[in-house]
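The sequence shown begins at 935 in the working numbering and counts up by one. What follows is one structure encoded as structure tokens, with my remarks underneath.
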Amino acid sequence: MNTSPITRPARSASATKDTVLVAIFAAMIAAMGLVPPITLGFIPVPITLQTMGVMLAGAMLGPVRGMLSALTIVVLVAAGLPLLSGGRGGLGVFAGPTGGYLLGWVLGALVTGLLYKYWALRHRSSVGRFLSGFLSAIIGGVLLVYCVGIPWTTMVTGIPMGTSAIGSLGFLPGDLLKAAITTLVAMTVHRSYSGLMK
């Protein structure tokens, strides 16, 4: 079937827009790596601001483009670029205790985007949208990332799973704050640009 010459430029423009947005949010996640990591001491995984960038990518761009933004960072880090907090990069990162959390970003952005698109943005009231958006960020950007990161840390370091899980609770206050900020930003942006989510 022939494609109408009118629809071809529209599709091309849409693809270009998608590529630009993915690149912008990947750059945002990378820029958040400039903030120095906070080391807790009792677990070999630092607190970074980049997880909020992953939540924002999913919450604002949707599942596919949000996931691609996170995946772009993961691929660039694997290629050796020092885009992680503390200037880390290279395949060695994936062999360390933080490798699982990094891989979890891809799944986290995907699930956060799915929950925002099909649940949070369907609420009419501001309170309902905030609560569902907050839970979406927690489920996708926190719990799923932990579910990948904690077993990975255990496998790499030999720390018992229970100890690794308890140690990760040190991240929780900061991650809850990141989820709240993500929700407020996403609500504000979607209110002004209702067609951003895809």
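Glycine is no exception: its CB is placed at the ideal position from the N, C-alpha and C atoms. Keep in mind that this is a model prediction, so the values were computed, not measured.
Are residue i and residue j touching if we call contact CB-CB under 9 Å?
| i | j | result |
| --- | --- | --- |
| residue 967 | residue 1030 | no |
| residue 1044 | residue 1001 | yes |
| residue 1082 | residue 1050 | no |
| residue 992 | residue 1048 | yes |
So the candidates are the options; which of them puts its Cα closest to the Cα of residue i?
| i | options | result |
| --- | --- | --- |
| residue 1060 | 960, 1013, 969 and 1118 | 1118 |
| residue 985 | 1096, 1100, 1107 and 1075 | 1075 |
| residue 1095 | 1017, 956, 1111 and 1084 | 1084 |
| residue 998 | 1041, 1104, 1007 and 1121 | 1041 |
| residue 1073 | 1097, 1100 and 1116 | 1116 |
| residue 1052 | 951, 1130, 1093 and 996 | 996 |
| residue 1107 | 951, 952 and 983 | 983 |
| residue 1109 | 1058, 1009, 1028 and 1077 | 1077 |
| residue 1121 | 1057, 1009 and 1028 | 1057 |
Taking just the CA atoms, how far does residue j sit from residue i?
| i | j | result |
| --- | --- | --- |
| residue 962 | residue 1005 | 13 Å |
| residue 1087 | residue 1132 | 34 Å |
| residue 1067 | residue 987 | 15 Å |
| residue 1128 | residue 949 | 18 Å |
| residue 1026 | residue 1090 | 12 Å |
| residue 976 | residue 1123 | Reliability of the predicted coordinates at residue 976 is poor, the pLDDT of 48 falling under 50, and the value obtained from them is presented with this limitation in mind. C-alpha separation (whole angstroms): 38 Å. |
| residue 1063 | residue 1046 | 14 Å |
| residue 981 | residue 943 | 44 Å |
| residue 1098 | residue 945 | 47 Å |
| residue 1022 | residue 1007 | 12 Å |
| residue 952 | residue 1111 | 28 Å |
| residue 1092 | residue 959 | 34 Å |
Could you tell me how far apart the beta carbons of residue i and residue j are, in whole angstroms, since I believe they sit closer than 8 Å?
| i | j | result |
| --- | --- | --- |
| residue 1011 | residue 1038 | Not a contact, Cβ separation roughly 13 Å. |
| residue 1024 | residue 1014 | 5 Å |
| residue 1003 | residue 956 | 5 Å |
| residue 989 | residue 1071 | 5 Å |
| residue 964 | residue 1017 | 4 Å |
What are the partner residues of residue i, as DSSP defines its beta bridges?
| i | result |
| --- | --- |
| residue 1018 | 1022 |
| residue 1176 | In the structure as shown, the chain begins at 935 and stops at 1132. Residue 1176 is therefore absent and cannot be evaluated. |
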